[in-house]
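Chemist: First, the structure itself, so that you have it in front of you.
Numbering (the working numbering), first residue to last: 1171 to 1455.
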């Protein structure tokens, strides 16, 4: 939503200011310039990235137009789910959650938290490490090391579309200059035309530079910042799970374990102790 609003503000302010200054919008409509800039940028994007990076970028871009799903309410559901799972382990032993881990969609506990169950990666992360805990062959340090490796891989994969979009944005001004130069070349070979027509050709050529810079810094490059923010938010979600499970492995009770996880959250999404306690109590009723 904010991305769309931002784009609207950019368009209104830049083009509106141009009109207020006495400019004519018609001269800015240069489809050939757009073809050269856009086509050149897309071609360079295909040349400079692997098929895996291209797919990751195309898959990640639609997410920038959506607000993050990791709200305070979702974090409270996550921590309450972990509390129930760890509470069951504490009361009935590790083997009691084997069914929940093997088939979370049929689990009475997981089914109470559809927003978590709908997140395939989060559910898989939780069940994978609970499964290792049930196996009982790894200690807390070994599981922590494995978690760190998986989170590092998650972060590296998330950075791929960020770098791709950033490089695409960096290249757009250069393609705008190329389009402008091509327009100047066309103007120079048309010196036999009247001054009025030459002026129109020069104006059309300069539009290429304008479009390249506008597309780069107004539309494309900001997306890399948005993707980076979403990556950090996603990573924090997994870190919360990691810290909660490790706290329990190190002997802390479920109540203290979810408190460890709560403290790891960003303050903007972190529920208060009382809010989380109330949510846990409601889940029991």
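Where a beta carbon is used, it is the ideal one built from N, C-alpha and C, also for glycine.
Since this is a predicted model, take the numbers as computed values, not measurements.
Just how far apart, CA to CA, sit residue 1333 and residue 1341?
Modeler: Approximately 12 Å, taken between the alpha carbons.
Chemist: Would DSSP call residue 1185 helix, strand or coil?
Modeler: Residue state, collapsed to three classes: helix.
Chemist: For the segment 1366 to 1383 against the segment 1392 to 1407, are there 3 or more C-beta pairs whose distance is under 8 Å?
Modeler: No, they do not touch.
Chemist: How far does the alpha helix (DSSP H) with residue 1263 in it reach, from first residue to last?
Modeler: Run containing residue 1263: none; DSSP gives neither H nor E here.
Chemist: Fully enclosed by the segment 1220 to 1258, which alpha helix (DSSP H) runs are 4 residues long or longer?
Modeler: Taking only runs of at least 4 residues, the alpha helix (DSSP H) segments lying wholly in the segment 1220 to 1258 are 1221 to 1230.
Chemist: Given a threshold of 16 other Cβ atoms within 10 Å of its Cβ, counted over all protein chains shown, does residue 1279 qualify as buried or as exposed?
Modeler: Buried, since its Cβ has 16 or more Cβ neighbours within 10 Å.
Chemist: Using 8 Å as the threshold, is the segment 1259 to 1270 in touch with the segment 1215 to 1234, meaning 3 or more CB pairs across them?
Modeler: Touching, no.
Chemist: Please work out which residues of its chain come closer than 6 Å, Cβ to Cβ, to residue 1277, disregarding the five sequence neighbours upstream and downstream, and give them in chain order.
Modeler: Only 1270 meet the Cβ criterion.
Chemist: Counting only the same chain and skipping the five closest in sequence on each side, list residues whose C-beta sits under 7 Å from that of residue 1432.
Modeler: So the qualifying residues of the chain are 1249, 1440, 1441 and 1446.
Chemist: Could you give the DSSP three-state label for residue 1414: helix, strand or coil?
Modeler: Helix.
Chemist: Under 8 Å, with one C-beta from each stretch per pair, do the segment 1298 to 1318 and the segment 1414 to 1434 reach the 3-pair mark?
Modeler: Result yes; three or more Cβ-Cβ pairs closer than 8 Å.
Chemist: Please name the residue in 1390, 1357 and 1363 whose C-alpha comes closest to that of residue 1374.
Modeler: The candidate whose alpha carbon is nearest that of residue 1374 is 1357.
Chemist: Going by alpha carbons, who is nearest to residue 1284 out of 1301, 1247 and 1300?
Modeler: Of the candidates 1301, 1247 and 1300, the one whose C-alpha sits nearest the C-alpha of residue 1284 is 1247.
Chemist: Helix, strand or coil: which one does DSSP assign to residue 1361?
Modeler: Three-state DSSP puts residue 1361 in coil, outside helix and strand.
Chemist: Starting from residue 1388, follow the alpha helix (DSSP H) in both directions and report where the run begins and ends.
Modeler: First-last for residue 1388: undefined, no H or E at that position.
Chemist: Hey, quick one: how far does the alpha helix (DSSP H) through residue 1430 stretch, first residue to last?
Modeler: Note, residue 1430: alpha helix (DSSP H), 1424 to 1433.
Chemist: DSSP state of residue 1439, grouped into three classes?
Modeler: It is coil, neither helix nor strand.
Chemist: Mapping the DSSP letters down to three states, classify residue 1308 as helix, strand or coil.
Modeler: Residue state, collapsed to three classes: coil.
Chemist: Of the choices 1218, 1200, 1302 and 1390, whose alpha-carbon is the least far from that of residue 1353?
Modeler: Per the Cα distances, 1200.
Chemist: Hey, how far is the Cα of residue 1420 from the Cα of residue 1406?
Modeler: Approximately 21 Å, taken between the alpha carbons.
Chemist: Note the first and the last residue of the continuous alpha helix (DSSP H) segment covering residue 1211.
Modeler: Residues 1201 to 1218.
Chemist: Near residue 1393, which residues of its chain fall below 8 Å by C-beta distance, leaving aside the five closest residues on each side in sequence?
Modeler: Taken in chain order, the residues that qualify are 1173, 1231, 1234, 1335 and 1339.
Chemist: Leaving out the 5 sequence neighbours to the left and right, which residues in its chain are closer than 8 Å to residue 1321 when beta-carbon positions are compared?
Modeler: The residues are 1405, 1408, 1409 and 1412.
Chemist: Pull up the distance between the alpha-carbon of residue 1337 and that of residue 1256, whole angstroms please.
Modeler: When rounded, the distance between both Cα atoms is 45 Å.
Chemist: Taking the alpha-carbon of residue 1452 as reference, which of 1198, 1212 and 1254 has the nearest alpha-carbon?
Modeler: When each option's Cα is compared against that of residue 1452, the closest is 1254.
Chemist: Can you name the start and end residues of the alpha helix (DSSP H) that residue 1198 belongs to?
Modeler: Unbroken run through residue 1198: none, as it is neither H nor E.
Chemist: Tell me the rounded alpha-carbon separation between residue 1286 and residue 1297.
Modeler: Going by the C-alpha atoms only, they are around 12 Å apart.
Chemist: Please list, in chain order, all residues of the same chain as residue 1327 whose beta carbon is under 8 Å from its beta carbon, the five residues on each side excluded.
Modeler: 1226, listed in sequence order.
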